[in-house]
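Here the structure is laid out as structure tokens; the discussion comes afterwards.
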DNA sequence: ATGAAAGCGCTAACAC
DNA sequence: GTGTTAGCGCTTTCAT
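Protein chains in written order, with the numbering used here: chain B, 5 to 342; chain S, 5 to 342.
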């Protein structure tokens with residue numbers, strides 16, 4: 005339990021003032037190379053590590069990021085946290101994790117749970133990042149934040165998202181290239197920004213391949229399994245039955261598969277189905293679902309980078325980032341018959 | 005970005021000194037009820053939350069716990085973290101998460117990653133908690149710690165464990181009560197403390213039910229699938245073939261099931277199999293494996309409690325806790341034939 | 001039962 | 001380039 009070395013110890017050992025030590029540690033300019041080396045050596049010998057508390061108290065930065073989440077799936081939590089930690093480590097930042105109840109979030113809750121820790125910035129995951137109340141409270145508390153995959157309010161501060169539009173376009177083009185001409189699309193929840201993006205990507209693809217967009221082939225869902233069943237039943241009743249259905253979410257896609265089965269249609273022989281999200285369930289259906297995987301870990305890493313950049317310089321220009329998704333072709337897609 | 009209220013603001017609003025505010029906040033004695041109420045009201049009106057940095061700098065406690073882990077499974081991480089957070093929340097503590105590479109752990113790494121944050125205590129999960137090097141480094145760094153499910157060095161400080169022995173005993177008794185008289189046991193890795201505990205529980209049960217312990221029915225494994233196959237093949241070759249095999253770990257148990265299948269034995273008709281750990285894989289085999297579930301979340305919660313208690317008072321007497329496991333009877337166990 | 005004053009270990013202005 | 005000084009917002013010790 006030996007007393008920890010302080011900046012003063014390092015300074016006297018190196019024969020300089022504490023300010024110089026501070027300069028070296030914070031990589032400021034105006035330190036001669038010889039002095040820098042001397043300070044670094046002294047710090048190393050003493051096993052010196054600057055105190056987060058003292059830094060946070062004295063300076064403008066706390067070197068702490070907070071990750072807010074609301075009952076995420078195990079895998080989502082692990083991926084997001086892993087991605088953020090990876091970058092925090094590299095930048096000598098620490099990560100505190102804070103579970104929240106999105107529904108119960110108030111200015112007061114935010115203050116109580118976060119004001120004391122004073123992180124340099126918050127990283128918000130869905131669904132917290134889509135709560136206007138949370139955003140209000142965070143702004144009022146004077147904390148900066150970066151959102152991961154926000155569904156709306158894209159104008160309210162920095163965020164990192166997957167490029168849903170581009171991915172939907174790419175997957176649709178794959179279906180077209182397989183030979184499908186009648187491709188239906190089931191949209192996700194109308195309030196969710198990504199749902200619209202995905203639909204736009206689908207339209208992009210049809211246009212790019214010279215196919216006309218038939219609004220009769222576009223149904224509205226809400227990301228739920230049930231909405232998938234309902235929408236698919238309507239689509240499969242059409243005279244010109246689609247040979248492929250691209251669902252804006254994996255749960256919708258599972259609904260489509262059930263509806264197809266009820267109709268006696270075999271997937272993918274009689275109907276190709278594609279989803280979006282690569283949810284764990286998408287691998288546990290048969291055939292395994294063709295879908296789109298979001299780069300969750302990379303998104304979290306990018307969010308941490310943005311958050312730390314903003315902490316250094318609130319004027320940082322880059323405030324948003326769209327990352328490419330991965331198309332995961334599995335068993336539910338094939339060339340149409342005949 | 006309004007300036008945050010400080011203890012001085014609260015003090016002047018309540019018409020007392022900052023020391024009195026500090027007393028109220030820290031629940032010290034010697035404050036009149038009327039004054040306490042006045043301070044609390046002022047704090048609430050100002051939305052005051054004490055600064056972690058200032059507290060950590062001035063006082064002996066940092067109100068921060070650090071959770072160390074090394075590539076845990078998604079579910080383990082989520083459970084451990086959830087359990088710890090639950091208690092941190094209640095006590096106004098924060099949790100920082102720190103991934104480590106157990107193999108690469110050195111005094112230097114510990115210092116670099118943790119000395120700066122100065123948590124009041126560390127919570128160590130396997131396998132970090134079984135690294136003597138890590139324990140040395142942590143002790144040298146003067147940090148207190150609580151280990152979750154340590155496999156050895158139980159004398160080196162506080163820990164929380166599942167009551168493996170009692171659980172193994174209970175499950176073995178269940179097998180005996182089903183009618184099994186020839187129950188084999190496959191031990192886990194000899195270096196792992198829990199492996200020995202589980203075996204002891206098995207022996208306890210045989211004794212309690214008046215059965216003799218036949219060392220020929222006890223095989224040595226190492227927690228791996230392969231060791232399960234090998235051990236089971238030997239056991240199933242015995243003249244007096246066991247009617248049940250209790251494996252000291254789920255992976256071993258999966259090996260047993262494969263070995264049984266190769267012999268043309270049907271589980272559970274011809275052979276009952278039980279595992280230990282309730283790993284995700286145990287639910288994904290057929291039939292689903294009878295096993296023992298450790299109370300991971302509760303263990304983490306208890307570890308956080310212990311850690312915070314030690315932070316308040318390093319002399320705290322309670323330094324270890326054993327929590328009961330849950331026996332999970334699934335499809336691999338049944339009464340023996342005939 | 002309450003208050004005054006002295007730091008904790010840093011960073012930020014400003015001096016030199 | 002480098003040093004000096006003044007806090008940051010608390011807890012602690014010691015008065016009263």
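No residue lacks a Cβ here, since even glycine has one placed at the ideal position from N, Cα and C.
Note that this is a predicted model, so its numbers are computed, not measured.
- Looking at chain S, which residues of the region 284 to 306 of chain B have a Cβ within less than 8 Å of any of its Cβ atoms? none
- Pick from 50/B, 165/B, 252/B that is closest to residue 129/B, judged by C-alpha positions: 165/B
- Identify each residue in the region 75 to 98 of chain B for which the Cβ-Cβ distance to at least one residue of chain S is less than 7 Å, and report them in chain order. Residues of the region 75 to 98 of chain B with a C-beta less than 7 Å from any C-beta of chain S: 78, 79, 81, 82, 85, 89, 98, listed in chain order.
- Task: Output the residue ranges of the alpha helix (DSSP H) runs that lie fully inside the region 111 to 173 of chain B and measure 4 residues or longer, sorted by chain position.
- Result: 111 to 114, 136 to 144
- Message: Contact criterion: CB-CB distance below 9 Å. Does residue 57/B meet it with respect to chain S?
- Response: The Cβ of residue 57/B sits closer than 9 Å to at least one Cβ of chain S.
- Task: Using a cut-off of 8 Å between C-beta atoms, extract the partners of residue 54/B located in chain S.
- Result: 120
- Below 8 Å on the Cβ atoms is my guess for residue 291/S versus residue 336/S; work out the distance and round it to an integer in Å. Indeed they touch by this definition, with Cβ atoms about 5 Å apart.
- Query: Within 9 Å (strictly less), CB to CB, does residue 10/S reach chain B?
  - Reply: no
- Task: Taking all protein chains shown into account, decide if residue 320/B is buried (16 or more other Cβ within 10 angstroms of its Cβ) or exposed.
- Result: exposed
- Message: Quick check on the DSSP output: what are the complete beta strand (DSSP E) runs of length 3 or more inside the region 252 to 316 of chain B, in order along the chain?
- Response: Listed in chain order, the complete beta strand (DSSP E) runs (minimum 3 residues) inside the region 252 to 316 of chain B are 276 to 278, 295 to 297.
- Message: With DSSP as the reference, identify every bridge partner of residue 4/B, one or two as the case may be.
- Response: Since the first and last residues shown for chain B are 5 and 342, residue 4/B lies out of range.
- Query: Is residue 61/S close to chain B, meaning its C-beta is less than 9 Å from at least one C-beta of that chain?
  - Reply: yes
- Message: Please return the same chain residues whose Cβ sits closer than 7 Å to the Cβ of residue 5/B, not counting the five positions on each side in sequence.
- Response: Low per-residue confidence applies at residue 5/B: pLDDT is 44, beneath 50, and the placement is therefore not dependable, though the value from the model is reported in the following sentence. Cβ neighbours of residue 5/B beyond the five flanking positions: none.
- Could you spell out the range, first to last residue, of the beta strand (DSSP E) harbouring residue 98/B? Membership of residue 98/B in the beta strand (DSSP E) is indicated by the continuous run 98 to 103.
- Item | Extent of the continuous beta strand (DSSP E) to which residue 330/S belongs | From DSSP, the beta strand (DSSP E) with residue 330/S extends over 330 to 332.
- Message: If the cut-off is 7 Å on Cβ atoms, which residues from the region 224 to 253 of chain B count as contacting chain S, listed in chain order?
- Response: none
- Query: Under the three-state reduction of DSSP, which class applies to residue 222/S: helix, strand or coil?
  - Reply: strand
- Which bits of chain B does residue 66/S rub up against, with CB to CB less than 8 Å? For residue 66/S, the C-beta contacts it makes with chain B under 8 Å involve 57, in order along the chain.
- Query: Is the region 63 to 76 of chain B close to the region 306 to 316 of chain B, with three or more CB pairs under 8 Å?
  - Reply: yes
- Task: Would you verify that the beta carbon of residue 112/S is, or is not, closer than 9 Å to some beta carbon of chain B?
- Result: yes
- Query: Do the CB positions of residue 278/S and residue 179/S come within less than 9 Å of each other?
  - Reply: In terms of Cβ geometry, residue 278/S and residue 179/S form a close pair [threshold 9 Å].
- Item | Cut-off 8 Å between Cβ atoms - residues of its own chain near residue 85/S, not counting five sequence neighbours on either side | Cβ neighbours of residue 85/S beyond the five flanking positions: 71, 99, 101, 304.
- Please specify which runs of the beta strand (DSSP E), each continuous and at least 3 residues long, are wholly inside the region 12 to 94 of chain S, giving them in chain order. Segments of the beta strand (DSSP E) lying fully in the region 12 to 94 of chain S: 68 to 73.
- Item | Where the beta strand (DSSP E) through residue 189/B begins and ends | 187 to 191
- Message: Quick check: what's the CA-CA separation for residue 144/S versus residue 111/S?
- Response: 8 Å
- Message: Given this structure, state the Cα-to-Cα distance separating residue 189/S from residue 151/S, to the nearest angstrom.
- Response: 28 Å
- Message: For chain S, check one thing: does any of its Cβ atoms lie closer than 9 Å to the Cβ of residue 150/B?
- Response: no
- Hey, out of 117/S, 322/S, 306/S, 17/S, whose CA is closest to residue 83/S's CA? 306/S
- Proximity of residue 205/B and residue 171/B at Cβ, strictly below 9 Å: yes
- Item | Members of the region 127 to 157 of chain S that neighbour chain B once the beta carbon cut-off is set at 7 Å | 146
- Which of the three DSSP states, helix, strand or coil, is assigned to residue 248/S? strand
- Using beta-carbon positions only, say whether residue 225/S and residue 262/S come within less than 9 Å of one another. no
- Establish whether the CB of residue 115/B and some CB of chain S are separated by less than 9 Å. yes
- Query: Are there 16 or more other CB atoms within 10 angstroms of the CB of residue 316/B, so buried, or fewer, so exposed?
  - Reply: exposed
- Item | Neighbour list for residue 100/B in chain S, Cβ cutoff strictly below 7 Å | Within 7 Å Cβ-Cβ: 98, 99, 100.
- Message: Between residue 162/S and chain B, is any beta-carbon pair separated by less than 9 Å?
- Response: no
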